[in-house]
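Colleague: Which chain is which? The protein sequence lines are A and B, in order.
Residue 132 in UniProt numbering is what sits at position 132 of the first sequence, and the numbering runs on without skipping anything.
Residue 95 in UniProt numbering is what sits at position 95 of the second sequence, and the numbering runs on without skipping anything.
Every residue, glycine too, gets a C-beta built ideally from N, C-alpha and C.
Before anything else, here's the structure in question.
Number of protein chains: 2
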Amino acid sequence: MLTFAEENYLKAIYHLSDGGKKGVATNDVSHAMRTKPASVTDMMQKLGEKGVIEYRKYYGVHLTEDGRKLALQTIRKQRIWEVFLVEKLKFSWDEVHEVADELEHVRSQILVQRLDEYLGYPKFDPHGDPIPDEFGEVKSRPRFPLSELEVGASGQIVAVKDSSAAFLKYLDKVGAYIGARIKVLDKVEFDGSVEILVDGKKSIFMSKDVAMNILVMQ
Amino acid sequence: MLTFAEENYLKAIYHLSDGGKKGVATNDVSHAMRTKPASVTDMMQKLGEKGVIEYRKYYGVHLTEDGRKLALQTIRKQRIWEVFLVEKLKFSWDEVHEVADELEHVRSQILVQRLDEYLGYPKFDPHGDPIPDEFGEVKSRPRFPLSELEVGASGQIVAVKDSSAAFLKYLDKVGAYIGARIKVLDKVEFDGSVEILVDGKKSIFMSKDVAMNILVMQ
DNA sequence: ATTATTTTTTAGTATAGTCTAAAATGGTAT
DNA sequence: ATACCATTTTAGACTATACTAAAAAATAAT
């Protein structure tokens, strides 16, 4: 049985590793979890002993198959709750996050099952993210450069093409990050630069060069 | 801000003190919370420092007005969630407890408000317990001896008239306790003895003498 | 009223999760 | 190849919550 914190770390690793494919650095987890690297190391060792990640000192971590399934169980719960909050309780999509982050940890299979049934077995959450099934299967959706999104379209940043420090630092500075929900507010015909809204809050203006190197999913 | 554990202790004290009226013994809290008395003492000191209870060594605790309000906020959330679980998700009334005990700790005023609205501002939970309003007001309902309940009627054990060790030990042995949800299954005309169902699970047969000393609320 | 019993508290320990500061490692750049 | 730098890990500390065992206080019994 995983604790709240363990579930959250696992979820973060899942997202950072693009669904368990890639290895993830301590620093990135630390950033995503808003904890210090030292705390991450502690947790990585614990999760390693539990067999949900493969942990090699100084080389970051990989999810094991068990870890992937557990992460997806949490993500499933989170997304089902988000559907509930938006569809039934009329939350706006930017309000649901913190609440769902708590609800997702409620330990009751029956609860999730009944809720899923009550909601009519939704396949995607309010942000368009797929809801994994009970067995950890996710229908993956195509990803493409942010530059190809039309004005008004929403998506989520899922990866970067260019992973140079310069580029990543820039993204960090402007507040774009893997996992961010975005919406295209405006697009300049002339040079292909775009203005996007991040997480329903912050608006960012970026060149086409930058937009081409950010991969999104709808 | 209270932690989960603090909220739970406060809730237990509220119930044991009959809504904050009476003082509560360490041992009783320990029993209700299924923790050891030493742990209770620790927590009582902490809650005392936070000003939500009045704690006098060796003399048990009283809720302060702040404490009472906080306890009622948690109870309000719990009962609203119970209504949701039973009415919308088709849980049976004996299934809701553990789940609601987790849901009640989700920290979001908006969530409770919206849920309350979604459920049509219910006044009582599935067990018939009143749902306190946002300001900590509870419509109290009359309490009376279990012996006066008719066959088929449900209620909750809220107090004992006779608090002798012998009587309490007996109640403990048969599995009756303050807070238990009960339903009268049968009543013998001849001697007034009754058979009750505790928490939808365990059936207990008791003499009229016993039933007269158990106070229930509907 | 003194002893015995029960209840409560203290003291010391454990686990989970976090932190800071310092040490270790790996990768990069000369 | 070595020195530097960023990253990562270790070490030690802290808070929250629980525990056990022993001491202290209140209560009951003689």
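Residue 88 of chain A CB to nearest chain B CB: under 8 Å?
Modeller: Translated into positions along the first sequence, residue 88 of chain A becomes position 88. It does: the Cβ of residue 88 of chain A has a partner Cβ on chain B nearer than 8 Å.
Colleague: Run the CB neighbour count on residue 126 of chain B, radius 10 Å, all protein chains shown included, and call it buried at 16 or more, exposed below.
Modeller: The residue given as residue 126 of chain B occupies position 126 in the second sequence. It counts as buried.
Colleague: What span of residues does the beta strand (DSSP E) with residue 144 of chain A cover, start to end?
Modeller: Locating residue 144 of chain A in the first sequence gives position 144, counting from the first residue. It spans 143 to 145 - the beta strand (DSSP E) in which residue 144 of chain A sits, taken as one unbroken run.
Colleague: When you compare the segment 116 to 136 of chain A with the segment 71 to 90 of chain A, are there three or more beta-carbon pairs, one atom per stretch, that lie closer than 8 Å?
Modeller: Segments in contact, yes.
Colleague: Where does residue 226 of chain A fall in DSSP's three states?
Modeller: The requested residue 226 of chain A does not occur in the structure, where chain A is confined to residues 1 to 218.
Colleague: Return no unless some Cβ of chain B is closer than 8 Å to the Cβ of residue 68 of chain A.
Modeller: Taking the first residue of the first sequence as position 1, residue 68 of chain A is located at position 68. For residue 68 of chain A, the answer is no, since every Cβ of chain B falls outside 8 Å of its Cβ.
Colleague: Between which two residues does the alpha helix (DSSP H) carrying residue 156 of chain A extend?
Modeller: Your numbering for residue 156 of chain A matches position 156 in the first sequence. Note, residue 156 of chain A: premise wrong, no alpha helix (DSSP H); beta strand (DSSP E) at 154 to 160.
Colleague: Does the beta carbon of residue 92 of chain B come closer than 8 Å to any beta carbon on chain A?
Modeller: Here residue 92 of chain B corresponds to residue number 92 of the second sequence, with the count starting at 1. Not closer than 8 Å to any Cβ of chain A, the Cβ of residue 92 of chain B fails to qualify, so no.
Colleague: Does any CB atom of chain A fall closer than 8 Å to the CB of residue 207 of chain B?
Modeller: Counting from 1 along the second sequence, the entry for residue 207 of chain B is found at position 207. Cβ-Cβ to chain A under 8 Å: no for residue 207 of chain B.
Colleague: For residue 143 of chain A, would you say it is in contact with chain B, using Cβ-to-Cβ distances shorter than 8 Å as the test?
Modeller: Counted from its first residue, the first sequence places residue 143 of chain A at position 143. Judged by the 8 Å Cβ criterion, residue 143 of chain A is not in contact with chain B.
Colleague: Mapping DSSP to helix, strand and coil, what is residue 84 of chain A?
Modeller: On the first sequence, position 84 is the one that residue 84 of chain A refers to. Residue state, collapsed to three classes: helix.
Colleague: Residues in the same chain with beta-carbon distance under 6 Å from residue 212 of chain A, minus the five sequence neighbours each way, listed in chain order, please.
Modeller: In the first sequence, residue 212 of chain A corresponds to position 212, counting from 1. Hits under 6 Å: 145 and 147.
Colleague: Give me the Cα-Cα distance between residue 131 of chain A and residue 137 of chain A, rounded to the nearest whole angstrom.
Modeller: Position 131 of the first sequence, counted from the first residue, corresponds to residue 131 of chain A. Position 137 of the first sequence, counted from the first residue, corresponds to residue 137 of chain A. If you take the alpha carbons of residue 131 of chain A and residue 137 of chain A, they lie about 9 Å apart.
Colleague: Is residue 45 of chain B buried or exposed, if buried means 16 or more other CB atoms sit within 10 Å of its CB?
Modeller: Sequence index remark: in the second sequence, residue 45 of chain B carries index 45 (1-based). It counts as exposed.
Colleague: Cβ of residue 215 of chain A less than 8 Å from any chain B Cβ?
Modeller: Against the first sequence, residue 215 of chain A aligns to sequence position 215. No, no contact with chain B.
Colleague: Verify whether the separation of the beta carbon atoms of residue 28 of chain A and residue 159 of chain A is less than 8 Å.
Modeller: Within the first sequence, the letter at position 28 stands for residue 28 of chain A. Within the first sequence, the letter at position 159 stands for residue 159 of chain A. No. Outside cutoff.
Colleague: Please confirm if residue 102 of chain A has its CB atom under 8 Å from at least one CB of chain B.
Modeller: Along the first sequence, one-based indexing puts residue 102 of chain A at 102. So, interface residue.
Colleague: In this structure, does DSSP put residue 76 of chain B in helix, strand or coil?
Modeller: By 1-based counting over the second sequence, the position of residue 76 of chain B is 76. DSSP places residue 76 of chain B in helix when its eight states are reduced to three.
Colleague: First and last residue of the beta strand (DSSP E) that includes residue 111 of chain A?
Modeller: Here residue 111 of chain A corresponds to residue number 111 of the first sequence, with the count starting at 1. Unbroken run through residue 111 of chain A is the alpha helix (DSSP H), 109 to 118; no beta strand (DSSP E).
Colleague: On the criterion of 16 or more Cβ atoms from any shown chain inside 10 Å, does residue 91 of chain B qualify as buried, or is it exposed?
Modeller: In the second sequence, counting from the first residue as 1, residue 91 of chain B sits at position 91. It counts as buried.
Colleague: Between residue 48 of chain B and the rest of its own chain, which residues show a CB-CB distance below 6 Å, the 5 nearest in sequence each way excluded?
Modeller: As a working mapping, residue 48 of chain B is identified with position 48 in the second sequence. Counting only Cβ-Cβ distances below 6 Å, and skipping sequence neighbours, we find 55.
Colleague: For residue 99 of chain B, decide whether its Cβ has a neighbour in chain A, counting only Cβ atoms nearer than 8 Å.
Modeller: Along the second sequence, one-based indexing puts residue 99 of chain B at 99. Answer yes: the Cβ-Cβ gap between residue 99 of chain B and chain A drops below 8 Å somewhere.
Colleague: Using a 10 Å radius around the Cβ and a threshold of 16 neighbouring Cβ atoms, would you call residue 1 of chain B buried or exposed?
Modeller: By one-based count along the second sequence, residue 1 of chain B stands at place 1. That one is exposed.
Colleague: For residue 59 of chain A, is the classification buried or exposed, using 16 other Cβ atoms within 10 angstroms of its Cβ as the cut-off for buried?
Modeller: Here residue 59 of chain A corresponds to residue number 59 of the first sequence, with the count starting at 1. Exposed.
Colleague: Which stretch, first to last residue, makes up the beta strand (DSSP E) that contains residue 89 of chain B?
Modeller: Counting from one through the second sequence, the residue named residue 89 of chain B turns up at place 89. It is not in any beta strand (DSSP E) - residue 89 of chain B carries neither H nor E in the DSSP assignment.
Colleague: Which residues bound the alpha helix (DSSP H) around residue 31 of chain A?
Modeller: The residue given as residue 31 of chain A occupies position 31 in the first sequence. Residues 26 to 33.
Colleague: If you pair each beta-carbon of the segment 95 to 107 of chain A with each one of the segment 66 to 86 of chain A, do three or more pairs fall below 8 Å?
Modeller: As far as the Cβ criterion goes, the segment 95 to 107 of chain A touches the segment 66 to 86 of chain A, which means the pair count is three or higher.
Colleague: In chain A, which residues lie less than 9 Å from residue 118 of chain B when you measure between Cβ atoms?
Modeller: Taking the second sequence and counting its residues from 1, the one referred to as residue 118 of chain B is at position 118. The answer, in chain order, is 88, 89 and 90.
Colleague: Assuming contact is defined by CB atoms lying nearer than 8 Å, are residue 156 of chain B and residue 216 of chain B in contact in what I supplied?
Modeller: Walking along the second sequence from the start, residue 156 of chain B turns up at place 156. Walking along the second sequence from the start, residue 216 of chain B turns up at place 216. In contact: residue 156 of chain B and residue 216 of chain B (Cβ atoms closer than 8 Å).
Colleague: Classify residue 173 of chain A as buried or exposed, calling it buried when 16 or more other Cβ atoms lie within 10 Å of its own Cβ.
Modeller: Counting from one through the first sequence, the residue named residue 173 of chain A turns up at place 173. Flag for residue 173 of chain A reads exposed.
Colleague: Could you tell me whether the Cβ of residue 2 of chain A comes closer than 8 Å to any Cβ of chain B?
Modeller: Within the first sequence, numbered from 1, the residue matching residue 2 of chain A stands at position 2. Residue 2 of chain A does not count as touching chain B.
Colleague: Name the two residues that bound the continuous beta strand (DSSP E) containing residue 206 of chain A.
Modeller: The count along the first sequence starts at 1 and reaches residue 206 of chain A at position 206. Unbroken beta strand (DSSP E) run through residue 206 of chain A: 202 to 206.
Colleague: Could you tell me the distance, in whole angstroms, from the CA atom of residue 178 of chain A to the CA atom of residue 133 of chain B?
Modeller: Sequence index remark: in the first sequence, residue 178 of chain A carries index 178 (1-based). Sequence index remark: in the second sequence, residue 133 of chain B carries index 133 (1-based). About 42 Å.
Colleague: Given that a residue counts as buried once 16 or more other Cβ atoms are within 10 Å of its Cβ, and exposed if not, what is residue 113 of chain A?
Modeller: As a first step, residue 113 of chain A is located in the first sequence; it is residue number 113 there, counting from the start. When all chains shown are included, residue 113 of chain A counts as exposed.
Colleague: Between which two residues does the beta strand (DSSP E) harbouring residue 40 of chain A extend?
Modeller: As a position in the first sequence, residue 40 of chain A is number 40, starting the count at 1. First-last for residue 40 of chain A: 37 to 49, but that is the alpha helix (DSSP H), not the beta strand (DSSP E).
Colleague: In this structure, how does DSSP classify residue 56 of chain A when only helix, strand and coil are distinguished?
Modeller: If you number the first sequence from 1, residue 56 of chain A lands on position 56. Coil at residue 56 of chain A, not helix or strand.
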